[in-house]
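Following UniProt numbering, the numbering of the sequence shown begins with 1 at its first residue and continues without gaps.
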Amino acid sequence: MSNAASIRQALENAILNGDHPPGSKLDLDKLAQQFECSRTPIRDVLHQLEASGLVRVAPKRGTFVTLWTFEQITERFEVMAEIEAACARLAARRISDVELNDLSAAQEACRQAAAAGDPEAYYLVNTDFHRCLYNATHNSFLVAEATRLNTMLQPYRRLQLRSRRRLATSLAEHQEILDAIRAGDAESAARATHAHIVVQGDRFHDLVAAMAAEANSKRA
Numbered sequence: 001m002s003n004a005a006s007i008r009q010a011l012e013n014a015i016l017n018g019d020h021p022p023g024s025k026l027d028l029d030k031l032a033q034q035f036e037c038s039r040t041p042i043r044d045v046l047h048q049l050e051a052s053g054l055v056r057v058a059p060k061r062g063t064f065v066t067l068w069t070f071e072q073i074t075e076r077f078e079v080m081a082e083i084e085a086a087c088a089r090l091a092a093r094r095i096s097d098v099e100l101n102d103l104s105a106a107q108e109a110c111r112q113a114a115a116a117g118d119p120e121a122y123y124l125v126n127t128d129f130h131r132c133l134y135n136a137t138h139n140s141f142l143v144a145e146a147t148r149l150n151t152m153l154q155p156y157r158r159l160q161l162r163s164r165r166r167l168a169t170s171l172a173e174h175q176e177i178l179d180a181i182r183a184g185d186a187e188s189a190a191r192a193t194h195a196h197i198v199v200q201g202d203r204f205h206d207l208v209a210a211m212a213a214e215a216n217s218k219r220a
């Protein structure tokens, strides 16, 4: 892996892990110091992250981790729900025994994290669950599109999981998806996955509350 690629991976992970929350400014000089390089590769990496939607470059103001309006977030989750529903539909038809075991193992890891009440651990294994779902489609283009949008939404999905009720709810929804895929019921798998992803009702209000709490903690 090249130095630029390793910098991008490290910075992307820092954004997705919440070290640089949505709306925060990325300091070019501090990043260059952190990665022991000049500003040029940092600037190149930031332009790559801008193309992926993770950051935005504001002329004469700097580079910021992307912070969407609630309407923009809802729109993106609507699209994500449709994409993941398509993934689940194909997975129910195409999943191999090995892939089904991987999906089941990811769900068991989610169960353990939920039982421990650990949203950070759940966030990581939840990502594994969805990755297993994508791979079971056997459609490389769909995997790439799902992964791209999922990456953009990760900071917000992470915030969702901080709601006290969300871990148990997410786990139950995963089980419904897994059961439908195991049964080969493509339409039930798609419906369950769509409901799991889409942001509406109480789930929307929980996300709003989590984002407000995150913003307040950064100001404190």
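Where a beta carbon is used, it is the ideal one built from N, C-alpha and C, also for glycine.
Contacting residues, own chain, Cβ-Cβ under 6 Å from residue i (five flanking each side not counted)
i	result
Leu26	Thr63
Ala109	Val125
Ser14	The question names Ser, but residue 14 is Ala in the sequence shown. These residues qualify, in order along the chain: His20.
Gln154	Leu16
Leu28	Arg39, Ile42
Arg165	none
Contact set for residue i: own chain, Cβ-Cβ below 8 Å, skip 5 residues either direction
i	result
Arg8	Val45, Gln48, Leu49
Met1	Any reading at Met1 is ruled out, since the residue's pLDDT is 49, under 50, leaving its predicted position unreliable.
Ala58	Phe64
Leu142	Ile83, Ala86, Cys87, Leu90, Tyr134
Glu187	Arg89
Identified DSSP bridge partners for residue i
i	result
Ile67	Note that residue 67 is Leu in the sequence shown, not Ile. Answer is none; Leu67 lacks a bridge partner.
residue 237	This structure leaves residue 237 out entirely; the chain is present only between 1 and 220.
Environment of residue i [buried if 16+ CB atoms lie within 10 Å]
i	result
Ala136	buried
Thr193	buried
Val125	buried
Lys60	exposed
Phe70	exposed
Asp102	buried
Met12	According to the sequence shown, residue 12 is Glu rather than Met. Glu12 should be labelled buried.
residue 309	This structure gives no information on residue 309, because the portion of the chain shown stretches from 1 to 220.
Ala183	exposed
Gln160	buried
Val55	buried
Ala190	buried
Ser6	exposed
Ala81	buried
Ala116	exposed
Ala92	buried
Ser163	buried
Beta carbon proximity, residue i to chain C, threshold 8 Å
i	result
Arg148	In the structure shown, chain C does not exist; there is a single protein chain.
Sequence-distant residues of its chain with Cβ nearer than 7 Å to residue i (five each side left out)
i	result
Ile83	Glu145, Ala146, Leu149
Gln107	Phe129, His174, Gln175, Leu178
Gly23	Phe64, Val65, Leu67
Ser38	Ala32
Gly18	Pro155, Arg158
Cys132	Glu99, Asp102, Leu103, Ala106
Ala114	Tyr122, Leu167, Ala168, Leu171
Residue i in three-state terms, based on DSSP
i	result
Val45	helix
Met1	Per-residue confidence for Met1 stands at a pLDDT of 49, beneath the threshold of 50, marking its modelled position as unreliable; the derived number appears in the next sentence. Here Met1 sits in coil by DSSP.
Arg56	strand
Val79	helix
Glu187	helix
Asn17	coil
Glu36	coil
Arg166	helix
Thr193	helix
Give, in chain order, every unbroken run of the alpha helix (DSSP H) that is at least 4 residues long and sits entirely within the region 87-161.
Unbroken alpha helix (DSSP H) runs of no fewer than 4 residues, entirely contained in the region 87-161, are found at 97-115, 119-135, 140-160, following chain order.
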